[in-house]
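UniProt numbering applies: residue 1 is where the sequence shown begins, and numbers increase by one. Even glycine gets a Cβ: it sits at the ideal position worked out from N, Cα and C. Scroll down for the structure; my scribbles are underneath it.
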Amino acid sequence: MISGFRTLLYKEVLRFWKVNFQTIAAPVLTALLYLMIFSHVLEAQVWVHGVAYTSFLIPGLVMMSALQNAFANSSSSLIQSKVTGSVIFVLLPPISYVEFFFAYVVAAVLRALMVALGVLLITIWFAVPAMVAPQWILLFLVLGGGTMGALGMIAGIWADKFDQLAGFQNFLIMPLTMLSGVFYSLHSLPGFWQQVSRFNPVFYMIDGFRFGFFGVSDVPPENSLTVVGTSFLLVSAATLALLRSGYKLRS
1 MISGFRTLLY KEVLRFWKVN FQTIAAPVLT ALLYLMIFSH VLEAQVWVHG VAYTSFLIPG
61 LVMMSALQNA FANSSSSLIQ SKVTGSVIFV LLPPISYVEF FFAYVVAAVL RALMVALGVL
121 LITIWFAVPA MVAPQWILLF LVLGGGTMGA LGMIAGIWAD KFDQLAGFQN FLIMPLTMLS
181 GVFYSLHSLP GFWQQVSRFN PVFYMIDGFR FGFFGVSDVP PENSLTVVGT SFLLVSAATL
241 ALLRSGYKLR S
């Protein structure tokens, strides 16, 4: 069991690392452009929770980039394997669906960690955010990356072609991540939209992650951890059920 998991994990990590200019460097550049534009426009006018806007923005960009790339890693790998027919070489060996799940999710988390580190290193030239609770930073990053990696597996299993996967990403993942408090505080929104935002699990990932830097957040970090942990368990359970049934993989 362990050797099967390790082999599949190695294959998934090697897959994204071989094109690291696209999978790691490109998201770092995108985050840097966001920071340069928004910090230039709003740095002198906006403070959030007593924190300068650039410092406030950096953790949000780090987490947003990590989450989007965790989703992209597992979803793109599965859809490529299905379209090319190479998924059969993963399904034929005696690898359990649990190993299959953890190999893809761990690879997605590793890519998320690499992207997060890259974004953080390039953005600290603009502002150095404090890290008052590193354990919260790592916890939310791993749980958030795992949730999005599992969700990416669901998307990759469901989609039959690339444009279906693009629709999933453009109409679900992008709105969830962009409208999650990356660029603003929840309390800056009108009351109605504050309540709507509370139904977005990505908001809690961003808010809890940001708490690890500044020790302040829109909601208590324990509440955010509960939501993120529950989201991870629910999405993981759904993914494992799909893998166990062989839906769109073995048929």
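Can you name the start and end residues of the alpha helix (DSSP H) that residue i belongs to?
i, result
"S226", "The sequence shown places Thr at residue 226, not Ser. Its alpha helix (DSSP H) spans residues P221 to S245."
"W125", "Run containing W125: none; DSSP gives neither H nor E here."
"P201", "P201 to F214"
"L131", "Inspection of the sequence shows that residue 131 is occupied by Met rather than by Leu. Careful: M131 lies outside any alpha helix (DSSP H) and carries neither H nor E."
"F21", "Looking at the DSSP string, F21 is not in any alpha helix (DSSP H), and its letter there is neither H nor E."
"Q195", "G191 to S197"
For residue i, I'd like the list of residues in its chain whose CB is within less than 8 Å of its CB, leaving aside the five on either flank, ordered along the chain.
i, result
"M205", "M63, L67, F140, L143, G144, T147, S180, S224 and V228"
"Q164", "W158"
"K182", "One detail in the question is off: residue 182 reads as Val in this sequence, not Lys. So the list reads L57, G60, L61, M63, M64 and I206, once near-sequence residues are dropped."
Using the Cα positions of residue i and residue j, report the straight-line distance between them to the nearest angstrom.
i, j, result
"A237", "H40", "43 Å"
"L9", "G118", "22 Å"
"K248", "W158", "7 Å"
"L14", "N73", "12 Å"
"F89", "G152", "20 Å"
"Q194", "L91", "44 Å"
"G208", "V106", "21 Å"
"S81", "V87", "5 Å"
Quick check on residue i: does DSSP put it in helix, strand or coil?
i, result
"A107", "helix"
"D160", "coil"
"V83", "helix"
"residue 255", "The structure shown does not extend to residue 255, since the chain is modelled only from 1 to 251, so the question has no answer here."
"R15", "helix"
"F183", "coil"
"I95", "coil"
Which partner residues does residue i have in the DSSP bridge list?
i, result
"V48", "V51"
Got a sec? Which residues, its chain only, sit under 7 Å from residue i by beta carbon, not counting five neighbours each side?
i, result
"V109", "A70, V142, G145, G146 and G149"
"P221", "W136, G208 and F211"
"F5", "E99, F102 and A103"
"G246", "none"
Only counting the same chain, and skipping five residues up and downstream in sequence, which positions put a Cβ closer than 6 Å to that of residue i?
i, result
"S55", "A127 and P129"
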